[in-house]
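Let me begin by presenting the structure, written as structure tokens, before commenting on it.
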Amino acid sequence: MSGMKRRYDYEEEDGYRDFRPRYPKRQRLPPVVQLCKDMLPDIRTIGESVKAFEEDIKFLSEAIINEFGNDEYFNNALLSTFNALILEQPHKQPAIALLTMVVSSGNQAAGKNIINHFYGKLKQWINASVDDEFEVTSNETGPWNKVKLTLRFLSMLTPIVPISDVIGLYYKFFELAIALKRAGTGKRNPLSEAIYTNTLLNIPYLFFYNKESDELKSKVSELISFVENNYVVETVDLSLTKEYNKNLPYQPIQWVEVVLSNVKNALANDMDELRNLFPDYQHILVATNTGQGFNDPLIMPDVEKLLPFSGLDKGLGSVDSMWKTPRTAFQVYLPNVVGDFSTVVPITTYTGMLFDDITVDIVESLEFNRHEVARQVVTLDLYFKPGIFTEPGLSVAQLLAQHNESPELSTYKIEDLAIENILGLIFKLPTVTQSFAYFYTLLVEICQNSPKAIAPVFGRAFRLFYNNLDNMDHELKMRYLDWFSIQMSNFNFSWKWNEWEQDSIAFSKSFYNPKITFAKNLIRKELRLTSNRPDVEDSLTPEFKQYLDASYIPRDKLRNYYQSFFTNFEIDPEIIKDNTLIFKNQSFPFHEKVTSILDYFHKPPSDKNVGELESILKDIQESNGSIISDFNKFAITLLIQALVFSGNRSLSHANKYISDAKNDLVTILGKIELPNETKEQWITEAVLRYWNCNSQNGFLITDSFKHNELITAKSILSFSFDELDGQNLGLVDATSIESTFRTLTEMALQQTSDFSVFEFVFERLVTISNETIYQLGTSEEIVAPIVDNESTFDDDELARLDLMWKYECAMGFIKSILRKYSDEYSILLDKFRSGIDQTVSHEPTKKQLIQWFDEIREL
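Throughout, our numbering is defined as the position within the sequence shown, counted from one, plus 299.
Have a look at this one:
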């Protein structure tokens, strides 16, 4: 028997006990649960395989016909899956509608149940729109957006739902939009525009499975006439929310002003556009039945009850909130840039508007599944009629050759459409709908999935924004910088820098030229994003290596800062090194005392006595006071830099040291009889000069001093906008600008009644503008001219251009803060208005500020 496995049949009666470990038997799932596990994934991916689509409809409908109504678990699981697809992947709605109608032909009760389930959902979302307790999650698009999508689904069911019932819903929504508009006090009503546009956008879906119905055509014609005669579109042009301040690369188009003509054109010429847009599944829709109307009438909320929510500014959801300000089409891939054609479907067509709408809905509603979003948005064309888009991944050169050879073929690229809409969300003003991290990583993932196809699409966007940096909104320059730097860091910092070399050669001496400041900020940001500096250095051409110095202020100015503390004592510039406490260098006669200060900060809090620290400072003053020009300023600077040096390993490390030393610093600062503003400025400057090599760290650490109440927000902002030798880093340095926005955002979140910080920033920027106007010596409107990088300028001409760029930068900053913090600035408007005649004498500037004041009330 050796080597053979023996089998024993022991019985308990024989006295045998089995000591083998007992494992629970794998329980067999109930049949209905197993059915759902097998079937629901197929429903979720329906339409992703065009070849299998008809077969999927056949088998899925048979299963639903047989099972629906037999088990509550199955019913709920199916309806939940349908609902998720209808709201999160609206491009799959036609498949779900078809499935519903095929099911209805074999199980009328199931069809009626599905119809009225979604009719109930429609009512649920409408009721949620006036619910103060409505819960908003990150992927919540908003009740009115869900109403749009649910109505779209019901609209496709006209073969089995009485046409009059469905058309009746449309009248209800249009009547509500009209009533909301009329109930306003002359101001734009965001909800009215959203309902009007969304409802019109759904009308063509009534014909998806019912193109030949004369009754439907007649009723839709009457519906559109009703809308035309009763809803007057009045657009509001807000300069505060424009992506570009001047020389717009395209004319902005608001959705509300083109949606009606788009729909009418789609229905014209025997619905030629729709026949080329919607796939024809009519042959699958075999035996349908009619008469399955809705259970009860649709009741809309009273207009009075809805008005408080109609501004869409109460956190109702990401897509609903996009209507708070006029919803404008964002364009990146402009017509005729790469050839005599466009690569995206124009927003002035129904097809273009629908694709934009669906893409945004996918990106916003599936935020919890970035991988799925990255896949769906670039395969959207599979769910529509072939031929709308050109072959995926086709390069612009190939597209141009194809167009020249066969002009009748489509030049629209699905990749361009997807990327343009995601960039539109990144560049959304006044606020973004999701965290920037989501959008940035989504774009990275799309590119990683298909780098050869997507990288050139990104490159064309990079170029458009770069070429318009002179005109771009101040805040959007920062968003562009973030996106570009993150994209580069994920792709080995590779970029064709030689394309920008002529700009650098022409304007490298400029301090405020937008393209030069962008290049400097981009290189510095890339250096911060990697621990391997050679990666960035190797990517740069020789022309751009001059910007590799990440110092906040130049080395000579930093030397002057440290030299200002001493008289009759010269500092050797060579001892000024990054991340090093200069005062502990042995060339200083008090360096041993500085070491004692560091030892003190390293002690546990329980072993510290502030008297010891005061004694060290007293010894330094007594022994070396004769070479120190202002001992109070020196003492504060020495303590702060010693503290920052002690905690320079990480931000959390720095926070710990600052927190531990807080009481000691309060004691010592309290004994210096000077205004707090002066002491706070010295602290802020000490931190930023220590972290001169990495000002982002410096500003983040000043935040820690602020949170420990050792300095105020105003002291950080005052430092940022202080001029050094006529140069204002607060206008152009990315880390300083980020700090300003971060500080103001924190103040806004505190919802304090103290608006002095907001007032300070506005007044400081106005002062900078006034001083620049005075230097320019003009009463005319100041608009920096479009300059060619092949032009040559003498020093005086370049200096004047620089002042113009500085003025535009300051005014652009004002525009951004008024928009971004409109709630806070709206409280200060009366004060600003009453004082503007005294503070601003330049009429064009005054006129611009007053216009922005007026527009704040629309935000």
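We put the CB at the ideal spot given by N, CA and C, even for glycine.
Whole runs of the beta strand (DSSP E) within the region 995 to 1057, excluding any shorter than 3 residues: none
Rounded straight-line distance, which links the Cα of Leu942 to that of Leu973: 22 Å
Same chain, Cβ closer than 6 Å to Glu1107, neighbours up to 5 away in sequence not counted: Ala1083
Validate contact between the region 748 to 757 and the region 1065 to 1079 using beta carbons, cut 8 Å, 3 pairs: no
Segment contact, 8 Å Cβ cut-off, at least three pairs: the region 566 to 577 with the region 499 to 514: yes
Val644 versus Thr650: straight-line alpha-carbon distance, rounded: 7 Å
Range covered by the alpha helix (DSSP H) that runs through Thr380: 371 to 387
Limits of the alpha helix (DSSP H) - the one that Ile785 falls within: 773 to 789
Residue environment, Val288, which counts as buried when at least 16 other CB atoms sit within 10 Å: Look at the range of the chain in this structure, 300 to 1158, and you will see that residue 288 is not part of it.
With 16 other Cβ atoms within 10 Å as the buried cut-off, status of Asp308: Residue placement at Asp308 is poorly supported in this model, since its pLDDT is 41, which falls under 50; the coordinates are not used for a value here.
Euclidean distance between Cα positions of Lys819 and Leu912: 41 Å
Cβ neighbour criterion (16 or more within 10 Å) applied to Ala349: The residue you asked about is not Ala; residue 349 is Val in the sequence shown. Counting Cβ neighbours within 10 Å, Val349 comes out exposed, since fewer than 16 surround it.
Neighbourhood of Asp1024 by C-beta distance below 8 Å, restricted to the same chain and skipping five residues each side: Lys856
Backbone secondary structure at Gln553 - three-state DSSP: strand
For Ser865, the residue or residues it bridges with in DSSP: With the sequence shown as reference, residue 865 is identified as Phe, and Ser is not the correct amino acid for it. According to DSSP, which records beta bridges pairwise, Phe865 is partnered with Ile927.
Ser1140 to Glu1079 span [Cα, whole Å]: 12 Å
Residue span of the alpha helix (DSSP H) that contains Leu576, given as start and end: That residue, Leu576, is in no alpha helix (DSSP H); it is neither H nor E in DSSP.
Beta-carbon proximity of Phe726 to Ser709, cut-off 8 Å: no
Proximity below 8 Å, CB of Asn1088 to CB of Asn770: no
Beta-carbon spacing of Leu742, Glu542 below 8 Å: no
Assigned exposure category for Ala408 - 16 Cβ within 10 Å defines buried: exposed
Inter-residue Cα distance where the pair is Val465 and Ser517: 14 Å
Endpoints, alpha helix (DSSP H) assigned at Ala362: 352 to 366
Outcome for Ile935 when other beta-carbon atoms lying within 10 angstroms are tallied against a minimum of 16: buried
Own chain residues within Cβ distance below 8 Å of Val909, not counting five before or after: Asn962, Asp963, Thr966, Ile967
Collapsed DSSP secondary structure at Tyr711 in the structure displayed: coil
Residues near Phe865 in its chain [Cβ-Cβ closer than 8 Å; skip 5 each side]: Ile926, Ile927, Ser928
Identity of the residues DSSP links to Tyr256 by a beta bridge: Outside the shown range of the chain (300 to 1158) lies residue 256, about which nothing can therefore be said.
Residue nearest to Lys876 in terms of C-alpha spacing, selected from Glu891, Pro888, Arg858: Arg858
Proximity below 8 Å, CB of Thr498 to CB of Phe473: yes
Cβ neighbour criterion (16 or more within 10 Å) applied to Ser560: exposed
Per DSSP, cross-strand counterpart(s) of Thr627: Gln553
Where Leu1117 sits in the DSSP three-state scheme: helix
Alpha-carbon to alpha-carbon, Ile713 and Val662: 15 Å
Sufficient close CB pairs (3 or more, under 8 Å) joining the region 448 to 457 to the region 674 to 681: no
Short Cβ contact (8 Å threshold) for Leu377 with Leu421: no
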